[in-house]
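Report on one structure; see the data block that follows.
Numbering (the numbering used here), first residue to last: 665 to 1058.
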């Protein structure tokens, strides 16, 4: 475990030497309290990695490199980490993989609370180099507010969306490297890059034509912004307003440049069914049967888990003693028809309240599902010929 040598209010680097003492990089480190995870190729070697945020005894970010720290053929699959970056963070924390510089590959964007301020930092490479760490200008949650969602960062190829309690702002990656004390695009006095709506954003999807924003009870759509519009606010059209869907994920399934929205719909007597909403059409007339309880403990991610061009949906239901993983293979949506291959049996994972990320940890050219517990336990699951299995080669 890295020594606790940094000042609590400072931003320090604690990166192991090229040949570190193995005792200093053991995984999981004592006192870890995992708050968020994200997958991506952060060291640029072609194999997927994990970045794990901890708000425990040593708050900061850990990098576990696929093929170096993460070995899907072993049990446990991780015994060491490659880098640690101390950040004086407390919960809530949110992570995203974001492309700031195309030549550099994926970087890590982290939104976190420190000393009552919401901050946004960007880190790069195998040593988690800190490129910038600034006050975001996003307000902290109101005192006593119930149901406030953690400040959430949504990463895309060329957009980063930061949201807190309905104050939603747009950041271009190049501005993440602005050395000014406030991020160039989001000071409070310049609302031209803000979307303001009364609910916290749960999901954001970007196509080549339009962007889709999902709140607790609404689906909104806007033309893809290329510059701040006249008058200051991006104009969103409300497409759906009603009972909340759960586990929602925007995904462009028909390649028309506009993401569809998939989720568990409570409308129309569809408990346990994943339904689709086409923002250019109507709610899908068909839904996908699952055995997943449709409650607030559901997380759904889109993933490319097989060589097939159609994506999969990885659905995790977290519990107090065990989490369950459902994989819905080869999802398509044509018009109002949502379809998929047969859903294999659910896999139980003995990690309570698991966090989930998709990353090519095996270097196979397609994603695997990483589930991480609050104490740092990590398991890897993928979709095989006969159903869900661990990520080790059969």
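Each residue gets a CB set at the ideal place from its N, CA and C atoms; glycine is no exception.
Being a predicted model, the structure only gives us computed values, none of them experimental.
- The alpha-carbon separation between residue 963 and residue 1006 amounts to approximately 20 Å.
- Beta-bridge partners of residue 797 (DSSP): 785.
- If you check the CB distance, residue 698 and residue 1040 come in under 8 Å.
- For residue 709 and residue 790, the gap between their C-alpha atoms comes out near 10 Å.
- Assigned with DSSP and collapsed to three states, residue 688 falls in helix.
- Residue 720 is positioned such that its CB atom lies no closer than 8 Å to that of residue 701.
- Boundaries of the beta strand (DSSP E) around residue 748: 747–750.
- In the DSSP secondary-structure assignment, residue 1055 is not bridged to any residue.
- Taking C-alpha positions only, residue 923 is separated from residue 1000 by approximately 13 Å.
- In the three-state DSSP reduction, residue 768 falls in the helix class (H, G or I).
- At the C-beta level, residue 724 and residue 1022 stay beyond 8 Å of one another.
- For residue 940, the closest C-alpha among the options 967, 920, 961 and 909 is that of 909.
- Of 938, 774 and 781, the smallest CA-CA separation from residue 792 is found for 774.
- As summarised for the segment 936–993, the continuous beta strand (DSSP E) elements at least 3 residues long and confined to that stretch are 937–941, 962–967, 976–981 and 987–992, given in chain order.
- Remark: fewer than three beta-carbon pairs, one from each stretch, lie closer than 8 Å, so the segment 726–745 and the segment 755–765 are not flagged as touching.
- For the 8 Å CB-CB criterion, residue 977 and residue 995 form a contact.
- The DSSP-derived three-state label of residue 753 is coil.
- Our two residues, residue 690 and residue 887, have alpha carbons roughly 47 Å apart in a direct line.
- Residue pairing by DSSP puts residue 714 in a beta bridge opposite 703 and 728.
- By the 16-neighbour rule on beta-carbons within 10 angstroms, residue 975 is buried.
- Residue 988 counts as buried, since at least 16 other C-beta atoms from the protein chains shown sit within 10 angstroms of its C-beta.
- A distance below 6 Å between beta-carbons, with the five flanking residues on each side excluded, links residue 972 to the following residues of its chain, in chain order: 994.
- Residue 877: member of the beta strand (DSSP E) spanning 874–879, first to last residue.
- Within the same chain, Cβ atoms closer than 6 Å to the Cβ of residue 778 are found at 752 and 753, the five residues on either side in sequence being excluded.
- Within the same chain, and ignoring the five residues on either side of residue 882 in sequence, the residues whose Cβ sits closer than 7 Å to its Cβ are 863, 902, 904 and 905.
- With 16 or more neighbouring CB atoms inside 10 Å of its own CB, residue 717 falls in the buried class.
- For residue 907, there is no enclosing beta strand (DSSP E), as DSSP marks it with neither H nor E.
- By the criterion of a C-beta distance shorter than 6 Å, residue 1012 is surrounded in its chain by 986 and 988, once the five residues flanking it on both sides are discounted.
- With distances taken between CA atoms, residue 900 lies nearest to 884 out of 884, 1004, 1052 and 912.
- Taking a C-beta distance under 8 Å as the contact criterion, residue 869 and residue 915 qualify as a contact pair.
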